[in-house]
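**Student:** Sharing a structure, written as structure tokens. Questions coming.
There are 2 protein chains.
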Amino acid sequence: MASDNNKLSLDSIRDSLIRQEDTIIFNLIERIKYPITPTLYKEASSSSWNISGSLFHYLFQETEALHSKVGRYLSAEENPFFPDKLPASIIPPSKCTPVLHPAAECVNVNEKILDVYKKQLLPLFCTDQADDEENFATTASCDIQLLQALSRRIHYGKFVAKVKFRDCTDQYKPLILAKDRDALMKLLTFEAVEEVVKKRVAKKAFVFGQQVTLNIDDNTKEAKYKVDPSLVSRLYDEWIMPLTKLVEVEYLLRRLD
Amino acid sequence: MASDNNKLSLDSIRDSLIRQEDTIIFNLIERIKYPITPTLYKEASSSSWNISGSLFHYLFQETEALHSKVGRYLSAEENPFFPDKLPASIIPPSKCTPVLHPAAECVNVNEKILDVYKKQLLPLFCTDQADDEENFATTASCDIQLLQALSRRIHYGKFVAKVKFRDCTDQYKPLILAKDRDALMKLLTFEAVEEVVKKRVAKKAFVFGQQVTLNIDDNTKEAKYKVDPSLVSRLYDEWIMPLTKLVEVEYLLRRLD
């Protein structure tokens, strides 16, 4: 969708964002079946594992390098967490006209996403502080899938901003020229829409987090859920939506360069 | 669970297998949002990408190598798809007593799983034969997550077989000594249980594949589902359960070595 300039509409973007909610919730449910596993994120002493940084950092950076070789970051929808360390793609770039303004490439809030993820999200969603040594790689894979899903969703703000600018250029232009972040943020905030998103993701968390059994009694008597719906609502309210709007503002501020 | 010999029971194994159904269905739903992307699996001519084998093969093998370094295959629950190419782990192996008989390591049906996956499952579940060049890496990541989930589930047969043997040694021993595969297969097949599994995974596919909306009318009038529940039932019936039982038989045949 996003590679075809003409089809880019607020409706198609909205459909993609709604579908991405499912991806985020599936990946969240999969990650939090493991404990936090603090050792994974601790800086390794050089003597122990002979890598620099944490095991998680090592795995994530190497995974990105591998994905970069097969062209992951040629897509305007993908943004690397370690942009300085990427090898070139062996796949040639697509010949389509880019959808986004060239300045879009400079907009990358992954450092913030990673920081929030480790410091706030994991402790909020994982109840158990324990290590799961046997599953270091499996746990880190789930982290990476979830972080990539969050990053994709949040950086979709570039497409949102592009279409909002295209459809209301007259409203956005003076605010961009004045570099008025607050006014831009206000112009692209729709509280009623955000309320709907928060309710919908809570409902999705409830539906996807159910323990589905064939016995109807089981569903009513002692229902256990894999993720707390109110936390998923909070995830969107406090982190995903504000960071998306930050991406929108950053994109708009560069839109006239 | 599986690392603690004493706690290993048919009940705990059953709980894990049921939870793994959710993982498989989530990963399946995520993979089939992309088309088949045939180019990903085609053998690359050496001139074009300077790799041997397909892009997918390259990505999967390199991903396994990376995971191996952080100890993925030290876990008895994980089985590599490319066992001959694995670098050593930088994490030391756990000091717990192994749960499985040492011969368990020789039981690996991943080659079959990969073959079935590419030739039968992808064409069955993905409606669109198209390429999605922009998402080669993302699509392959979903493949790898799904294949690892399928492999984990199927090789859980080793734990199932271990407990069945422990609980009914007298029944299994003569059949193992006689190398009677057919009788072993019969002894560990419970058709009523398999019927329940098939029904439950279809229900899960239905629940997790819903398009969840806040509008109640939307749910009834034109419901769209992300995956066909009857195909998920078939996935278990024709591939997952038979391959699990194959793993059980192979494990049992080596159990007295």
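Chains as they are written, first to last, in the numbering used here: chain A, 1 to 257; chain B, 1001 to 1257. Beta carbons are placed, not taken as given, at the ideal position from N, Cα and C, and that holds for glycine. Here the structure is a predicted model, which means the values were calculated and not measured.
Measuring only between beta-carbons, confirm whether A/Ser-151 sits less than 9 Å from chain B.
**Tutor:** Output row for A/Ser-151: interface = no.
**Student:** For A/Arg-166, which residues in chain B fall below 7 Å Cβ to Cβ?
**Tutor:** Per Cβ cutoff of 7 Å: no residues; A/Arg-166 is ~21 Å from chain B at best.
**Student:** Please compile the residues from chain E whose C-beta is within a distance smaller than 7 Å of the C-beta of A/Gln-20.
**Tutor:** The chain inventory of the structure shown lacks chain E, comprising the protein chains A and B.
**Student:** Going by DSSP, which residues form a beta bridge with B/Gln-1210?
**Tutor:** In DSSP, B/Gln-1210 forms a bridge with B/Tyr-1225.
**Student:** Within 10 Å of its beta-carbon, does B/Ser-1151 have 16 or more other beta-carbons around it, so buried, or fewer, so exposed?
**Tutor:** Classification of B/Ser-1151: buried, given that the 10 Å Cβ count is 16 or more.
**Student:** Within a Cβ cutoff of 7 Å, which residues of the same chain sit near B/Val-1116, ignoring the five residues on either side of it in sequence?
**Tutor:** These residues qualify, in order along the chain: Trp-1239.
**Student:** Would you decide whether A/Pro-92 is buried or exposed? Buried here means 16 or more other CB atoms lie within 10 Å of its CB.
**Tutor:** Exposed, by the Cβ-count rule.
**Student:** Compute the beta-carbon to beta-carbon distance between B/Leu-1055 and B/Phe-1136, rounded to the nearest angstrom, for a pair I have assumed lies under 8 Å.
**Tutor:** At roughly 6 Å, the Cβ-Cβ gap stays under 8 Å, so B/Leu-1055 and B/Phe-1136 are in contact.
**Student:** How big is the Cα-Cα spacing for B/Pro-1229 and B/Arg-1014?
**Tutor:** Cα to Cα, the separation comes out at about 21 Å.
**Student:** Just list the beta strand (DSSP E) runs in the region 46–116 of chain A, keeping only unbroken ones of 3 residues or longer that don't cross its boundaries, in chain order.
**Tutor:** Qualifying beta strand (DSSP E) stretches: none in this window.
**Student:** Would B/Asn-1135 count as contacting chain A if we go by Cβ distances under 9 Å?
**Tutor:** Yes - at least one Cβ of chain A is within 9 Å of the one on B/Asn-1135.
**Student:** Answer yes or no: does any C-beta atom of chain B fall closer than 9 Å to that of A/Ile-113?
**Tutor:** No - not a single Cβ of chain B is within 9 Å of the one on A/Ile-113.
**Student:** Please work out which residues of its chain come closer than 7 Å, Cβ to Cβ, to A/Asn-79, disregarding the five sequence neighbours upstream and downstream, and give them in chain order.
**Tutor:** Only Asn-108, Asn-110, Ser-151 and His-155 meet the Cβ criterion.
**Student:** Do we get a CB-CB distance below 9 Å when we pair A/Val-227 with the residues of chain B?
**Tutor:** By this cut-off, A/Val-227 is not an interface position.
**Student:** Using a C-beta cutoff of 9 Å, does B/Lys-1224 count as contacting chain A?
**Tutor:** So, not an interface residue.
**Student:** Against chain B, does A/Glu-265 count as a neighbour if the rule is that its beta carbon must be under 9 Å from one of theirs?
**Tutor:** This structure does not reach residue 265 of chain A, given that chain A is present from 1 up to 257, and the question cannot be answered.
**Student:** Just to confirm the assignment, what range does the alpha helix (DSSP H) spanning A/Pro-38 have?
**Tutor:** From DSSP, A/Pro-38 is part of no alpha helix (DSSP H); its letter is neither H nor E.
**Student:** Whose C-beta lies closer than 6 Å to the C-beta of A/Glu-259 among residues of the same chain, with five residues either side of it excluded?
**Tutor:** With chain A covering only 1 through 257, there is no way to say anything about residue 259 of chain A.
**Student:** Determine which residues share a DSSP beta bridge with B/Glu-1043 and list them.
**Tutor:** Answer by DSSP bridge pairing, in chain order: B/Ser-1054.
**Student:** Taking B/Ile-1216 as the query, report the chain A residues whose CB atoms sit under 9 Å from its CB, ordered along the chain.
**Tutor:** Within chain A, no residue comes near B/Ile-1216; the closest Cβ sits about 11 Å away, beyond 9 Å.
**Student:** How about A/Leu-28 and A/Val-163: do their beta carbons lie closer than 9 Å?
**Tutor:** The answer is no: Cβ separation not under 9 Å.
**Student:** If you draw a straight line from the alpha carbon of A/Leu-231 to that of A/Ile-32, how long is it in whole angstroms?
**Tutor:** One C-alpha to the other measures close to 12 Å.
**Student:** My output table needs one value for A/Phe-190: the three-state DSSP class, helix, strand or coil.
**Tutor:** A/Phe-190: coil per DSSP, three-state reduction.
**Student:** With 9 Å set as the bound, which would you pick, yes or no: does the beta-carbon of A/Asn-50 sit closer than that to a beta-carbon of chain B?
**Tutor:** True, the Cβ-Cβ gap to chain B drops below 9 Å.
**Student:** Mind listing which residues of the region 237–256 of chain A have their C-beta closer than 9 Å to chain B's C-betas, in chain order?
**Tutor:** Those residues of the region 237–256 of chain A that come within reach of chain B (Cβ to Cβ, closer than 9 Å) do not exist; the list is empty.
**Student:** Looking at chain B, is there any beta carbon in it that lies within less than 9 Å of the beta carbon of A/Leu-17?
**Tutor:** It does not: the Cβ of A/Leu-17 has no partner Cβ on chain B nearer than 9 Å.
**Student:** According to a CB-to-CB cut-off of less than 9 Å, which residues of the region 1027–1039 of chain B neighbour chain A?
**Tutor:** Per Cβ criterion, the list reads Asn-1027, Ile-1029, Glu-1030 and Lys-1033.
**Student:** Please classify A/Asp-22 as buried or exposed, where buried requires at least 16 other C-beta atoms within 10 Å of its C-beta.
**Tutor:** Buried, because 16 or more other Cβ atoms sit within 10 Å of the Cβ of A/Asp-22.
**Student:** Tell me which residues share the same chain as A/Gln-211 and place their Cβ nearer than 6 Å to its Cβ, disregarding the 5 neighbours each side in the sequence.
**Tutor:** Excluding positions up to five away in sequence, the list reads Lys-224.
**Student:** In the region 1185–1211 of chain B, which residues sit with their C-beta less than 8 Å from some C-beta in chain A, listed in chain order?
**Tutor:** Against chain A - using a Cβ distance shorter than 8 Å - the residues of the region 1185–1211 of chain B are Val-1196, Lys-1199, Arg-1200, Lys-1203, Lys-1204, Val-1207, Phe-1208 and Gln-1210.
**Student:** CB A/Lys-42 to CB A/Gln-61, shorter than 9 Å?
**Tutor:** Contact flag unset, no.
**Student:** Can you tell me whether B/Arg-1181 is helix, strand or coil according to DSSP?
**Tutor:** Helix.
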